[in-house]
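A.B. asks: Following this message is one structure expressed as structure tokens.
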Amino acid sequence: MSNIDAAEIAHFDRLAASWWDPRGEMGPLHALNPPRVRFIEQVCGGSVQGRTALDVGCGGGLLSEALASRGAVVTGLDLAEQALAVARHHAQAGGLTIDYRSGAAEALADEQPGAYDLVCCLEMLEHVPDPASVVAACARLVRPGGNVVFSTLNRNPKSFALAIVGAEYIAGLIPRGTHEYAKFIRPSELSQWCRTAGLQTLALRGLRYNPLLRSASLSDDLDVNYLLHARRPA
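The sequence shown maps to residues 0 to 233 in numbering that gives the first Met the number 0.
Next up, the structure:
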């Protein structure tokens with residue numbers, strides 16, 4: 000439980016009430032979710048139907064619900080209790096069965112090694128003190144031959160200008176203080192952590208967000224938001 004930033008958890012707990020408002024403070028996540036889900040389906044061979052899936056850092060449940068509605072058997076994991084409460088309530092209201100749990104990925108990996116066909120950790124690595132530890136936990140949680148998908152923010156001047164200065168301070172797309180530039184992660188760093196954890200990196204894709212249209216799409220530009228697909232060798 001040492002890989003925890005209490006201020007980060009408190010920040011996302013404060014946002015819990017607005018998690019499912021696509022025009023609110025979490026609006027950009029609502030726009031990013033459809034292309035993220037398309038990428039996940041692609042790396043899983045076109046469908047997540049029937050797969051056991053773990054959403055690490057699930058927050059209010061945007062990804063968890065999208066996967067569950069497509070037929071996956073989903074577990075959502077987070078340490079932000081108020082966000083989890085919102086996630087449970089929203090899933091119940093929508094008639095979805097999702098196992099939401101409070102805890103850290105490292106602890107769950109000790110309890111359930113190799114338990115999941117698919118492990119996703121999206122927009123979470125840049126919010127913990129030791130992201131490599133979370134990557135290693137995800138590698139332990141996925142079964143041999145299973146897929147792991149990460150998404151995070153690249154660290155370079157362009158990402159600082161767009162994700163922090165532009166998104167937080169000029170456009171006000173997300174609350175100020177959501178991101179800390181020093182915690183952004185270069186694709187080369189994330190790929191190295193995957194190799195160290197025994198994962199094979201198979202694909203990298205960028206996520207492009209259009210603030211005027213409030214929409215997002217997959218792209219080949221990894222400069223700001225990007226996705227990484229890795230697999231645990233069979």
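Each residue gets a CB set at the ideal place from its N, CA and C atoms; glycine is no exception.
Since we're looking at a predicted model, the values are computed, not measured.
On the criterion of 16 or more Cβ atoms from any shown chain inside 10 Å, does Glu179 qualify as buried, or is it exposed?
C.D. replies: In the sequence shown, counting from the first residue as 1, residue 179 sits at position 180. Label assigned to Glu179: exposed.
A.B. asks: What do you get for Thr151, buried or exposed, if any count of 16 or more other CB atoms within 10 angstroms of its CB means buried?
C.D. replies: Along the sequence shown, one-based indexing puts residue 151 at 152. Buried: at least 16 other Cβ atoms inside 10 Å.
A.B. asks: Tell whether a beta-carbon distance below 7 Å holds between Ala82 and Gly59.
C.D. replies: What you label residue 82 is simply residue 83 of the sequence shown in a count that begins at 1. What you label residue 59 is simply residue 60 of the sequence shown in a count that begins at 1. Yes. Within cutoff.
A.B. asks: Let me make sure I understand the geometry here. Which of Leu189, Val133, Glu122 has the alpha-carbon closest to that of Ala162?
C.D. replies: In the sequence shown, residue 162 corresponds to position 163, counting from 1. Closest option to Ala162, Cα to Cα, is Glu122.
A.B. asks: Less than 8 Å between the CB atoms is what I'm expecting for Val47 and Leu76, so what's the real figure, rounded?
C.D. replies: Against the sequence shown, residue 47 aligns to sequence position 48. Against the sequence shown, residue 76 aligns to sequence position 77. In fact, because the Cβ distance is near 17 Å, the residues do not count as touching under 8 Å.
A.B. asks: Rank Ala136, Arg87, Tyr99, Ile97 by C-alpha distance to the C-alpha of Ala108 and give the top, closest one.
C.D. replies: The residue given as residue 108 occupies position 109 in the sequence shown. Comparing Cα-Cα distances from Ala108 to each of Ala136, Arg87, Tyr99, Ile97, the minimum goes to Ala136.
A.B. asks: When you compare the CB positions of Val148 and Leu198, do they come within less than 7 Å of one another, or not?
C.D. replies: For the purposes of this step, residue 148 is taken as residue 149 along the sequence shown, with counting starting at 1. For the purposes of this step, residue 198 is taken as residue 199 along the sequence shown, with counting starting at 1. No, the pair does not count as a contact, with Cβ atoms beyond the cut-off.
A.B. asks: Where Arg175 and Gly26 are concerned, what is the direct C-alpha to C-alpha distance, given to the nearest angstrom?
C.D. replies: Taking the sequence shown and counting its residues from 1, the one referred to as residue 175 is at position 176. Taking the sequence shown and counting its residues from 1, the one referred to as residue 26 is at position 27. So the alpha carbons of these two residues sit roughly 14 Å apart.
A.B. asks: Check Phe38 in the structure and name its three-state DSSP category.
C.D. replies: If you number the sequence shown from 1, residue 38 lands on position 39. DSSP places Phe38 in helix when its eight states are reduced to three.
A.B. asks: Quickly, what does DSSP pair Tyr180 with across the bridge? List them, please.
C.D. replies: By one-based count along the sequence shown, residue 180 stands at place 181. Per DSSP, none; premise fails for Tyr180.
A.B. asks: Is the beta carbon of Pro112 closer than 7 Å to that of Arg154?
C.D. replies: To locate residue 154, count along the sequence shown from 1; it is residue 155. To locate residue 112, count along the sequence shown from 1; it is residue 113. In this structure, Pro112 does not lie closer than 7 Å to Arg154 by Cβ.
A.B. asks: If I follow the unbroken beta strand (DSSP E) through Phe149, where does it start and stop?
C.D. replies: Mapped onto the sequence shown, residue 149 falls at position 150. Element bounds for Phe149: 141-152.
A.B. asks: Between Ala79 and Asn2, how many whole angstroms is the CB-CB distance? I'm expecting something under 8 Å.
C.D. replies: For the purposes of this step, residue 79 is taken as residue 80 along the sequence shown, with counting starting at 1. For the purposes of this step, residue 2 is taken as residue 3 along the sequence shown, with counting starting at 1. At roughly 15 Å, the Cβ-Cβ gap does not stay under 8 Å, so Ala79 and Asn2 are not in contact.
A.B. asks: Taking the Cβ atom as the reference point for each residue, do His126 and Glu24 lie within a distance shorter than 7 Å?
C.D. replies: Position 127 of the sequence shown, counting from 1, holds the residue named residue 126. Position 25 of the sequence shown, counting from 1, holds the residue named residue 24. No, Cβ-Cβ distance for His126 and Glu24 is not below 7 Å.
A.B. asks: By the DSSP assignment, the beta strand (DSSP E) with Arg87 in it spans what residues?
C.D. replies: For the purposes of this step, residue 87 is taken as the residue at position 88 of the sequence shown. Unbroken run through Arg87 is the alpha helix (DSSP H), 80-92; no beta strand (DSSP E).
A.B. asks: Taking the Cβ atom as the reference point for each residue, do Ala52 and Leu66 lie within a distance shorter than 7 Å?
C.D. replies: For the purposes of this step, residue 52 is identified with residue 53 of the sequence shown, where counting begins at 1. For the purposes of this step, residue 66 is identified with residue 67 of the sequence shown, where counting begins at 1. Yes, Cβ-Cβ distance for Ala52 and Leu66 is below 7 Å.
A.B. asks: Is it the case that the region 34-43 contacts the region 187-198, given that we only count it when at least three CB pairs across the two stretches are under 8 Å?
C.D. replies: The region 187-198, when compared against the region 34-43, does not touch it at the 8 Å Cβ threshold.
A.B. asks: With distances taken Cα to Cα, identify the nearest neighbour of Leu117 among Asp12, Val72, Leu226, Leu124.
C.D. replies: Numbered from 1 along the sequence shown, position 118 holds the residue referred to as residue 117. Taking only the C-alpha atoms, the option nearest Leu117 is Val72.
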